[in-house]
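The sequence shown runs 1 to 339 under the numbering used here.
Please read the structure below before turning to the comments.
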Amino acid sequence: MTSNDDKTDQIESEAIEWLAMQAAGPLEPADALVFENWLRRGPHHRAAYENMRQTWDALAVLQQAPGDLLRHTTDLHERGLQGKLRLASVPPMRRWLAPAFAIAACLLLVIGLATVWTGNPVIALVADHSTAPGEIRRVTLPDGSRLDLGPASAVKLHFSTAERRVELLGGSAYFSAVPQDVAAGRPFIVDTGRLSARALGTQFLVERLSDGDGVAVVEHSVAVTRSDGDHRMTVLSPGQALHYRRDRRSEPDMVNVDPLEIAPWRGGNLVFHQVPLRDVVAQLNRYRRSRILLASDDLSARVVSGVFRIGDPDGALKVIAQELGLQVVTLPFIVVVHS
């Protein structure tokens, strides 16, 4: 005898399989007829399908966030489910391929989800130093310089007898560099995909984030050179910051900042002054295991001001949502903010 819970689990499993088949492409006429008949079996079938579809749509947005790895593994997983549904029509000698493929797909899916949980595993493999979401680490470099590595960040070192070069693979890094004359005349340089920052002093911040790359100076000065064709140099003094937006090819943004408010995460705080909500969400996502998503582009430009503790990103999101009159819905692996 089958319990109600068992029946519910079976219906939900079948609903996921239908969604996987539909995600792979339009159903064949025969499959579409079977699907319609399945929906008509009872109200629980249609309700299960609609609930799973909503979650599936939400996760489809999530899979774009970590990068290509999760997207490809999700495709594999979907094809594995499709193979399961059509197993009865596969010749007996080839049926062992479907479960083997499904196992491999599930393993790859776990790796993809680990990207959300621990950060990009590919970057972590090539990095000399890296942090997971929510983690902050202080590192002493081979020359004695200090590096405060922000959450979800990674660097690769290229130190030689000629120079001290650090490649920022992603995230935020605050440097307290040993002066060049103390380091046998070797310059201290930080590269991102968009700029190169050469220390003419000691303390400065370099960021390589989703919206662009930037440099902010706390002490002495830093010479910044653009790496994407325009090699003009800009020298930044303490309290100055330069930001190259990833979606713009025009002049970078130059702003004045309070040196005490540069890299506030080093003191356990997140500080926002009239910051667009999309940028606030991007910052909060670096301190959370699951991702925050905005339900519509209309919310992106809403501005946020406030000081929040990095140890409580969920509390920060709750306060921000209340101040802006927004709602927060928690789903598996994601949190959706909507009006």
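Don't be surprised by glycine CBs; every beta carbon is placed ideally from N, CA and C.
Check: Report back the beta-carbon spacing between Trp265 and Ile320 to the nearest angstrom; my notes put them in contact at under 8 angstroms.; Outcome: 17 angstroms between Cβ atoms; not a contact.
Check: Going by beta-carbon coordinates alone, are Ser227 and Ser196 separated by less than 8 angstroms?; Outcome: yes
Check: Decide if Leu141 is buried, meaning its Cβ has at least 16 other Cβ atoms within 10 Å, or exposed.; Outcome: buried
Check: Let me know if Ala199 comes out buried or exposed under the rule of 16 or more other beta-carbons within 10 Å of its beta-carbon.; Outcome: buried
Check: What residues in its chain sit with their C-beta under 6 angstroms from that of His273, if we drop five residues either side in the sequence?; Outcome: Ser305
Check: Measure from the alpha carbon of Asp191 to the alpha carbon of each residue in Ser172, Ala223, Arg165 and Asp211, then state which is nearest.; Outcome: Arg165
Check: Could you tell me the distance, in whole angstroms, from the CA atom of Trp38 to the CA atom of His45?; Outcome: 7 angstroms
Check: Taking 8 angstroms as the limit between beta carbons, can you name the residues of its chain near Val61, skipping five residues before and five after?; Outcome: Bear in mind that a pLDDT of 46 at Val61, under 50, signals an unreliable position, so the number given afterwards is only what the model happens to contain. For Val61, where only same-chain residues beyond five positions count, the Cβ hits under 8 angstroms are Leu293 and Ile334.
Check: How many Å lie between Leu147 and Gly134 at the Cα?; Outcome: 17 angstroms
Check: What residues match up with Val281 in a beta bridge as DSSP calls it?; Outcome: BP columns for Val281 are empty, so no partner.
Check: Expressed to the nearest angstrom, what Euclidean distance is found between the alpha-carbon atoms of Val275 and Pro252?; Outcome: 17 angstroms
Check: Closest to Ala223 by C-alpha separation, out of Ala241, His231 and Leu236, would be which residue?; Outcome: Leu236
Check: Measure the alpha-carbon distance for Ser130 versus Val155 and round it to whole angstroms.; Outcome: 6 angstroms
Check: Can you find the residues in the same chain that come closer than 6 angstroms, C-beta to C-beta, to Asp75, ignoring five residues on each side of it along the sequence?; Outcome: Low confidence applies here, because Asp75 scores a pLDDT of 41, under 50, leaving its location unreliable and the question unanswered by this model.
Check: Report buried or exposed for Glu207, applying the criterion of at least 16 other Cβ atoms within 10 angstroms of its Cβ.; Outcome: buried
Check: Within the same chain, show all residues whose beta-carbon is closer than 6 angstroms to that of Ala301, passing over the 5 residues directly before and after it, in chain order.; Outcome: Pro276
Check: Buried or exposed, going by whether 16 or more other CB atoms sit within 10 Å of the CB of Val307?; Outcome: exposed
Check: Write down the C-beta distance between Glu219 and Gly201 rounded to the nearest angstrom, noting that I regard them as a contact closer than 8 angstroms.; Outcome: 5 angstroms
Check: Leaving aside the five residues before and after Gln327 along the sequence, list all residues of the same chain whose C-beta is less than 6 angstroms from its C-beta, in chain order.; Outcome: His338
Check: Is Phe345 helix, strand or coil when you go by DSSP?; Outcome: Limits of the chain in this structure are 1 at one end and 339 at the other, which puts residue 345 out of reach.
Check: CB-CB under 8 angstroms to His231, same chain, minus the five flanking residues each way: which ones, in chain order?; Outcome: Thr225
Check: When you compare each of Gly171, Ser221 and Asp211 to Phe188 by their alpha carbons, which one comes out closest?; Outcome: Ser221
Check: For Gln322, report the span of its alpha helix (DSSP H) as first-last.; Outcome: Pro313 to Leu324
Check: Might you give, ordered along the chain, the residues of its own chain that have their beta carbon closer than 7 angstroms to the beta carbon of Glu12, omitting 5 neighbours on each side?; Outcome: Ala48 and Met52
Check: In the structure shown, what three-state DSSP assignment does Asp181 receive?; Outcome: coil
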